[in-house]
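In the numbering used here, each number is its position in the sequence shown, counted from 1, plus 1.
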Amino acid sequence: MPSKKQLTDSPKGWVAKHIQDYINTDGKKGHKWNGHLTLLLTTRGRKSGVLRRTALIYGTDGDNYLLVASNGGSDSHPNWYLN
């Protein structure tokens with residue numbers, strides 16, 4: 002796992018808090034969020050090389066995880082999708 006200096010959490014305050022709750026409780030707090038399952042996704046910036054972490058709602062299909070890159074319904078893709 003990358004060190005704290007190498008990893009940047011989401012700049013959105015509520016997402017950063019969700020991530021820290023998830024990590025600090027080993028997923029006991031944060032894995033289920035508002036009735037949805039969530040995971041922590043870490044991506045590397047395609048230009049900067051910086052590691053960034055965010056929390057995402059996911060689904061499953063058998064052994065596969067399903068993520069929707071909706072960016073909250075925006076017309077543009079989320080940054081993690083582009084990386």
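We put the CB at the ideal spot given by N, CA and C, even for glycine.
query                                                                                                                             : result
Beta carbon of I20, beta carbon of S11: below 8 Å?                                                                                : yes
Determine the direct distance from the alpha carbon of D22 to that of L67, and round the result to whole angstroms.               : 23 Å
For T55, count neighbouring Cβ atoms within 10 angstroms of its own Cβ and tell me buried if that reaches 16, exposed if not.     : buried
Just to confirm before moving on: does the CB-CB distance between Y59 and L40 stay below 8 Å?                                     : yes
Compare the C-alpha of A17 against each of R53, R47 and R45 and name the closest.                                                 : R53
By a C-beta neighbour count over all protein chains shown, 10 Å radius and 16 as the cutoff for buried, is G63 buried or exposed? : exposed
Is it buried or exposed, G104, if we count other Cβ atoms within 10 angstroms and call 16 or more buried?                         : No information on residue 104 is available, as it lies outside the stretch 2 to 84 that the chain covers here.
Alpha carbon to alpha carbon, what distance is there between V51 and N84?                                                         : 11 Å
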